[in-house]
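Colleague: Would you mind keeping the following structure in view while I ask a few things?
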Ligand code: NAI
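Numbering (the UniProt record's numbering), first residue to last: 5 to 481.
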């Protein structure tokens, strides 16, 4: 805490470097800047206390400062131990002040947190001044929402259960994280949940968690699924990864991608962008899928759809994009070619069985550089695992570029406005189509797009309004 601003970041002296990058990013984020112009005078988020758990990058800095410009009180953490850009975190804390007298936003995030530190940071989200909790959440992957739900569950039970043998390491840490809070103040999360206006969730995996809670009837507050705005998942997940996947591969390994055999596991939005990026570099791309529709799409896109087992010994690069679990097992990795690259861009690290890999008898882990590890098997052959199996486009590079994140984050800002101003029930909503179209519209000018306007006659013929929306809800783009 300096000058009343709480923070835990790598080094505040990085703030100047961060500010330069934020300044350049603002130019590339026309959606967010337009929302600032539209709403700043009105301060529609005054009174909102927003807890953000989303990769603390330069682009996120522009999101945070947009929420603040609209009147919100904000605290922020990263949703991944490797994804923070330390200079962006420092710049957000310093704000328009100085390193000695910061006046920005509290951030608790640095690149290379341990898992214990990660959950410590996430708990700091709930410490708004005067003992207040947040009344809105911006989540990416659902960890902040998870803490509130688990906190309420354990407070109702009067205690945090002991971890069992079967519990994943991360879940044990969650239990530990909540133990102190529940024993000191058995109503804290219950109060927070009661005052919560809602959560807007950024990614596919977090959205899946929310729909599960809604189905069970245990969702404690309204949720807006930002991921399934068309201007989010059909842009960020696809075109964003098309940029940042190869960026991560290049920074991590500098290996020539052309001519290599690359396997993309999953051909959803992220898989489609990944395959296109690799093809663009001249890699020979094959795909694995479980869904016949996505498998057929891959085939129609000219990609061979294979079983991982059949290519595991031949491929040079393996990318998981499924959001699923155990996609690449330790056994698969032991059968790969020497120096095959294994990387995940799905939200959680369990797509690649890292725990199983560490247990292979005689296997040796050598750090080539941070977030790049050589795993050498007893027979002498090795594989390269990026970002320890966690999101490598953020761990080995700096995530998606500003322009596409402007689309995603414009949806986030509008979702926060909706939750703050609207009356929603405890279920999962998506933003209305006119707002989705608005986000797209905000990004046209800077690309020189000339949009044709419907004539009145054409609109009547198609049964539309001249000003939109232009597609029915069931349209799939
Ligand atoms: P999606 O649902 O569109 O695609 C996932 C695909 O994987 C589906 O087509 C599914 O059928 C397939 N799949 C599931 N299990 C499989 C298996 N065992 N083998 C082969 N294919 C399998 O989801 P989307 O939007 O592509 O997101 C995927 C993951 O990426 C999620 O965890 C999401 O949160 C994350 N994500 C990561 C980003 C990043 O910057 N790295 C950006 C956006 C999303």
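Don't be surprised by glycine CBs; every beta carbon is placed ideally from N, CA and C.
Should residue 331 be listed as close to the ligand NAI, given that the test is whether its C-beta is under 7 Å from any heavy atom?
Modeller: Residue 331 Cβ: within cutoff of the ligand NAI.
Colleague: Quick check on residue 448: buried or exposed, where buried means 16 or more other Cβ atoms within 10 Å of its Cβ?
Modeller: Exposed, by the Cβ-count rule.
Colleague: If you pair each beta-carbon of the stretch 87–97 with each one of the stretch 19–29, do three or more pairs fall below 8 Å?
Modeller: Counting Cβ pairs under 8 Å, three or more are found: they touch.
Colleague: Could you pull out every residue in the same chain whose Cβ sits closer than 7 Å to the Cβ of residue 473, ignoring the five residues on either side in sequence?
Modeller: Within the same chain, residue 473 has close Cβ partners 437, 438 and 441.
Colleague: Counting along the chain, where does the beta strand (DSSP E) carrying residue 228 start and finish?
Modeller: Note, residue 228: beta strand (DSSP E), 227–229.
Colleague: Find out if the Cβ-Cβ distance for the pair residue 245, residue 397 is shorter than 8 Å.
Modeller: Against a cut-off of 8 Å, the Cβ pair of residue 397 and residue 245 comes out as a contact.
Colleague: Can residue 175 be considered in contact with the ligand NAI, in the sense that its beta carbon sits closer than 7 Å to one or more heavy atoms?
Modeller: Not under cutoff, so the answer is no.
Colleague: According to the neighbour-count rule (16 or more other Cβ atoms, all chains shown, within 10 Å of its Cβ), is residue 106 buried or exposed?
Modeller: Residue 106 comes out buried.
Colleague: Residue 287 by DSSP, collapsed to three states: which one?
Modeller: Residue 287 falls in the coil class under three-state DSSP.
Colleague: Where do the N-terminal and C-terminal ends of the beta strand (DSSP E) with residue 57 fall, by residue?
Modeller: Taken as a continuous stretch (DSSP letters only), the beta strand (DSSP E) holding residue 57 covers 53–57.
Colleague: Return the first residue and the last residue of the beta strand (DSSP E) that residue 369 is part of.
Modeller: Residue 369 -> beta strand (DSSP E) spans 368–373.
Colleague: Measuring only the C-alpha atoms, how far is residue 285 from residue 134?
Modeller: Taking the straight line joining both Cα atoms gives about 54 Å.
Colleague: Is it the case that the CB of residue 398 approaches a heavy atom of the ligand NAI more closely than 7 Å?
Modeller: Flag set: Cβ of residue 398 near the ligand NAI.
Colleague: Go through the stretch 150–203 residue by residue and report every complete run of the alpha helix (DSSP H) that reaches 4 residues or more, in order.
Modeller: DSSP runs (the alpha helix (DSSP H)) wholly in the stretch 150–203: 173–188 and 192–199.
Colleague: With a cut-off of 8 Å on the beta carbons, I'd call residue 158 and residue 164 a contact; round off their distance for me.
Modeller: Rounded, the Cβ-Cβ distance is 5 Å, consistent with contact.
Colleague: Could you give the distance in angstroms between the alpha-carbon of residue 299 and the alpha-carbon of residue 169?
Modeller: The straight-line gap from Cα to Cα measures roughly 38 Å.
Colleague: Could you check if residue 522 belongs to the surroundings of the ligand NAI, using beta carbon to heavy atom distance under 7 Å?
Modeller: Within the shown structure, residues of the chain are numbered from 5 to 481, placing residue 522 beyond reach of any answer.
Colleague: Return yes when the C-beta of residue 85 is under 7 Å from any heavy atom of the ligand NAI, and no when it is not.
Modeller: Outside the cutoff, so no.
Colleague: Is any heavy atom of the ligand NAI found at a distance shorter than 7 Å from the C-beta of residue 395?
Modeller: Yes.
Colleague: Between the stretch 329–342 and the stretch 356–367, can you find at least three pairs of beta-carbon atoms closer than 8 Å?
Modeller: Verdict: yes, contact present.
Colleague: Do residue 147 and residue 204 come within 8 Å of each other at the CB atom, strictly closer than that value?
Modeller: Cβ atoms of residue 204 and residue 147: not closer than 8 Å.
Colleague: Does the Cβ of residue 241 lie closer than 7 Å to at least one heavy atom of the ligand NAI?
Modeller: Yes, the beta carbon of residue 241 sits closer than 7 Å to at least one heavy atom of the ligand NAI.
Colleague: Could you give the uninterrupted runs of the beta strand (DSSP E) lying entirely in the stretch 262–344, keeping only those of 3 residues or more?
Modeller: Runs of the beta strand (DSSP E) inside the stretch 262–344: 265–269, 288–292 and 321–324.
Colleague: Kindly examine the ligand NAI and report whether one of its heavy atoms sits closer than 7 Å to the Cβ of residue 349.
Modeller: For the ligand NAI, at least one heavy atom lies less than 7 Å from the Cβ of residue 349.
Colleague: Do residue 62 and residue 89 come within 8 Å of each other at the CB atom, strictly closer than that value?
Modeller: Yes, the Cβ-Cβ distance between residue 89 and residue 62 is below 8 Å.
Colleague: Report whether the distance from the Cβ of residue 207 to the nearest heavy atom of the ligand NAI is below 7 Å.
Modeller: Yes.
Colleague: Straight-line CA distance for residue 10 to residue 462?
Modeller: Computed Cα separation, rounded: 56 Å.
Colleague: Taking DSSP's pairing of strands, which residues face residue 3 in a bridge?
Modeller: Nothing can be reported for residue 3: it is not among the residues displayed for the chain, which extend from 5 to 481.
Colleague: Could you check what DSSP says for residue 44 in three-state terms: helix, strand or coil?
Modeller: Of the three classes helix, strand and coil, the one that applies to residue 44 here is coil, per DSSP.
Colleague: Shorter than 7 Å, the distance from the beta carbon of residue 356 to the closest heavy atom of the ligand NAI, or not?
Modeller: Not under cutoff, so the answer is no.
Colleague: Quick check: is any heavy atom of the ligand NAI less than 7 Å from the C-beta of residue 269?
Modeller: Because some heavy atom of the ligand NAI lies under 7 Å away, the Cβ of residue 269 counts as near it: yes.
Colleague: Do you know offhand how far residue 277's Cα is from residue 249's?
Modeller: Approximately 9 Å between the Cα atoms of the pair.
Colleague: Report whether the distance from the Cβ of residue 336 to the nearest heavy atom of the ligand NAI is below 7 Å.
Modeller: No, since every heavy atom of the ligand NAI falls outside the 7 Å radius drawn around the Cβ of residue 336.
Colleague: Would you check if the distance between the CB atom of residue 387 and the CB atom of residue 347 is smaller than 8 Å?
Modeller: Cβ atoms of residue 387 and residue 347: not closer than 8 Å.
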